[in-house]
Amino acid sequence: MISDHRNDARVSVFSGGDLYRRPDGDKIGRAIIKDVSATGLRVETLESLPEGEQIFIDFQVGSGPIFTRVPVRVERVQTHAGSFLAGLSFQREDVRDRIRQALAKLFESGT
85 MISDHRNDAR
95 VSVFSGGDLY
105 RRPDGDKIGR
115 AIIKDVSATG
125 LRVETLESLP
135 EGEQIFIDFQ
145 VGSGPIFTRV
155 PVRVERVQTH
165 AGSFLAGLSF
175 QREDVRDRIR
185 QALAKLFESG
195 T
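Taking this note's numbering, the leading residue of the sequence shown gets 85, the next gets one more, and so forth.
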C-alpha cells in the first residue's frame, strides 16, 4: 500500500483494464492498472488520453467484482518510457462506495 496525503489509501496492483471513449463504444486500448483508491486509478497505457475528458474503463480489483464501463475523468497524463501514465478519477459516488467495499474485502482476504 502507498501512503500519501489522500483521504483514501492507494493500493498497488498490477492488473489489466480496457479503455473506451463511450460506454457503448468500441475499445480504444488496454491499460495496466498501477494503483487504485476509492477516488481513482493510476494506469499505464500506450494510448494518449485527453486530459479533462471523460472515458470509460473495465477493470477488476483483485479477485473481487468486475467493474464495467466505469466513467472516469482523465486528470493528468505524463509520458513514461514510450507509454503514458494517467491519473483517472471516478465520477460517481456509487462507484467510489463499491471500490471501497472491494478494497476492504481485498485487505480482509490478504490477497
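Glycine included, every Cβ here is placed at the ideal spot set by N, Cα and C. Computed from a predicted structure; not experimentally measured.
Under the criterion of beta carbons closer than 8 Å, Ile-139 and Gly-101 do not qualify as touching, at roughly 11 Å.
Under the three-state reduction of DSSP output, Leu-187 falls in the helix class. Secondary structure note for Thr-163: its beta strand (DSSP E) is the uninterrupted segment 150-164. In the structure shown, Ser-99 falls within a strand segment according to DSSP collapsed to helix, strand and coil. Shown here for Ile-117: same chain residues with a beta carbon closer than 8 Å to its own, the five before and five after excluded, namely Val-97, Phe-98, Ser-99, Gly-100, Gly-101, Leu-125, Arg-126, Val-127, Phe-143 in chain order. In this structure, the beta-carbon distance from Thr-129 to Phe-191 does not fall below 8 Å.
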